[in-house]
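Read through the structure below, which is laid out as structure tokens, and then see the notes.
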Amino acid sequence: MEPNRAGLSAALSAAVGWLESGGSALDAVESAVMRMEDDPTFNAGQGSVRRADGSVEMDAAIMDGTDLSIGAVCVVRDVRNPVRIARELLDARETLIAGENAAQLAPTRSPAVGPTALAGGDTVGCVALDTAGRIAVAVSTGGLTHARPGRIGDTPLPGCGFYADSFVGGVAATGVGESISRTLLAARTIVALEASQPPQAAVEAALLHLARVGGDAGLIAMDRTGQIGWSHTGDQFAVGWARGPSPILHVEIAGVEDTHG
Ligand code: ASP
């Protein structure tokens with residue numbers, strides 16, 4: 254679907270722009286996810302799906318694989334870019350802040366408009382590797398359509414919806430949060446990368462565990478050398494990737510509802 258392609262391509266350009274101008278992998282993943290939060294095609298930020306009571310509640314996280322710092326927020330309302338608050342929290346002692354206490358850290362408040370192009374889509378995520386060898390990951394979501402208010406999925410939980418370790422690799426998940434959390438998909442992927450499995454084999458092996466609990470999910474992963482892999486259950490998954498002019502500038506990004514590639 255064209256809106257997805259255009260949105261992924263804009264997000265990739267933003268991330269690559271940062272990396273090419275000497276920005277860090279953290280800048281790259283934050284900017285890519287902000288682009289997708291601003292694009293109502295995706296289920297994040299402006300395009301977030303609605304809860305059972307019609308409200309919009311969002312979750313986001315960012316992780317620096319070099320010092321393993323994490324900033325994450327959940328059930329935030331009326332925030333334009335939840336990933337920006339997550340980035341603010343990277344330097345804080347706390348890793349996850351919920352609700353209004355998190356939303357108050359946002360530079361600007363703005364109600365989400367709801368999905369315009371597609372309904373019921375998936376979390377957005379980005380993994381990047383920079384010239385300093387830093388791997389970073391960021392994810393953002395409006396959660397599941399008609400979910401109970403206050404429900405939190407995998408997205409703000411390390412080892413479930415995301416993880417990054419610059420000595421190993423990075424991973425981001427999308428799909429049914431309860432299934433992803435119950436099977437620890439990000440953690441399983443990282444452990445497989447640590448055991449030197451290629452990213453493609455790592456994500457495929459992790460997704461096999463979904464069979465025990467049901468539900469669909471998708472994973473994107475990158476190892477510390479910049480090799481990438483992605484896989485998903487279910488029909489649709491949008492993924493894009495870019496390699497910079499330097500052999501060690503890589504971005505991998507996933508959005509919502511599209512055919513492969
Ligand atoms: N993973 C998100 C959640 O469960 C939703 C999604 O990816 O569609 O909150």
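Here my numbering is used: the first residue of the sequence shown is 254, the next is one more, and so on. We put the CB at the ideal spot given by N, CA and C, even for glycine. Since this is a predicted model, take the numbers as computed values, not measurements.
(request) Mind checking which residues open and close the beta strand (DSSP E) that includes residue 472? (result) On the sequence shown, position 219 is the one that residue 472 refers to. Under the DSSP assignment, residue 472 falls in the beta strand (DSSP E) whose first and last residues are 470-476.
(message) Would you say the beta carbon of residue 430 is closer than 7 Å to some non-hydrogen atom of the ligand ASP?
(response) For the purposes of this step, residue 430 is taken as the residue at position 177 of the sequence shown. It does: the Cβ of residue 430 is within 7 Å (strictly closer) of some heavy atom of the ligand ASP.
(request) Could you check if residue 415 is buried or exposed, using at least 16 other CB atoms within 10 Å of its CB as the buried criterion? (result) As a working mapping, residue 415 is identified with position 162 in the sequence shown. It counts as buried.
(message) Alpha carbons only, please: which of 274, 295 and 275 is nearest the one belonging to residue 264?
(response) Numbered from 1 along the sequence shown, position 11 holds the residue referred to as residue 264. The option with the nearest alpha carbon to residue 264 is 295.
(message) Tell me the rounded alpha-carbon separation between residue 411 and residue 284.
(response) Start at 1 with the first residue of the sequence shown, and residue 411 comes out as number 158. Start at 1 with the first residue of the sequence shown, and residue 284 comes out as number 31. For residue 411 and residue 284, the gap between their C-alpha atoms comes out near 20 Å.
(request) Pull up the distance between the alpha-carbon of residue 348 and that of residue 487, whole angstroms please. (result) The residue labelled residue 348 in the question sits at position 95 within the sequence shown. The residue labelled residue 487 in the question sits at position 234 within the sequence shown. Rounded to whole angstroms, residue 348 to residue 487 spans 31 Å at the Cα level.
(message) What I want to know is whether the C-beta of residue 427 ends up closer than 7 Å to one or more non-hydrogen atoms of the ligand ASP.
(response) Locating residue 427 in the sequence shown gives position 174, counting from the first residue. Taking the Cβ of residue 427 as the reference point, at least one heavy atom of the ligand ASP falls within a distance shorter than 7 Å.
(message) Quick check: is any heavy atom of the ligand ASP less than 7 Å from the C-beta of residue 397?
(response) Residue 397 sits at position 144 when you count from the first residue of the sequence shown. Yes, since a heavy atom of the ligand ASP falls inside the 7 Å radius drawn around the Cβ of residue 397.
(message) Output needed for residue 420: all residues of its chain with C-beta closer than 7 Å, excluding positions within five of it in sequence on either side, in chain order.
(response) For the purposes of this step, residue 420 is identified with residue 167 of the sequence shown, where counting begins at 1. Residues 477 of the same chain have their beta carbon placed closer than 7 Å to that of residue 420, with the five preceding and five following residues left out of the count.
(request) Taking 8 Å as the cut-off, decide whether the C-beta atoms of residue 481 and residue 470 are in contact. (result) Taking the first residue of the sequence shown as position 1, residue 481 is located at position 228. Taking the first residue of the sequence shown as position 1, residue 470 is located at position 217. Not in contact: residue 481 and residue 470 (Cβ atoms no closer than 8 Å).
(message) Tell me which residues share the same chain as residue 271 and place their Cβ nearer than 6 Å to its Cβ, disregarding the 5 neighbours each side in the sequence.
(response) Reading the sequence shown from its first residue, position 18 is the one you call residue 271. Same-chain partners within the cutoff: 280, 281 and 284.
(request) Ignore the nearest five residues each way along the sequence and tell me which others in residue 314's own chain have a CB closer than 6 Å to its CB. (result) Reading the sequence shown from its first residue, position 61 is the one you call residue 314. These residues qualify, in order along the chain: 325, 339, 392, 409 and 415.
(request) Could you check how far apart the C-beta atoms of residue 298 and residue 306 are, in whole angstroms? I think they sit under 8 Å. (result) On the sequence shown, residue 298 is found 45 positions in, with the first residue counted as 1. On the sequence shown, residue 306 is found 53 positions in, with the first residue counted as 1. At roughly 20 Å, the Cβ-Cβ gap does not stay under 8 Å, so residue 298 and residue 306 are not in contact.
(request) Per DSSP, which residues does residue 323 bridge with? Please list them. (result) Locating residue 323 in the sequence shown gives position 70, counting from the first residue. Beta-bridge pairing links residue 323 to 316.
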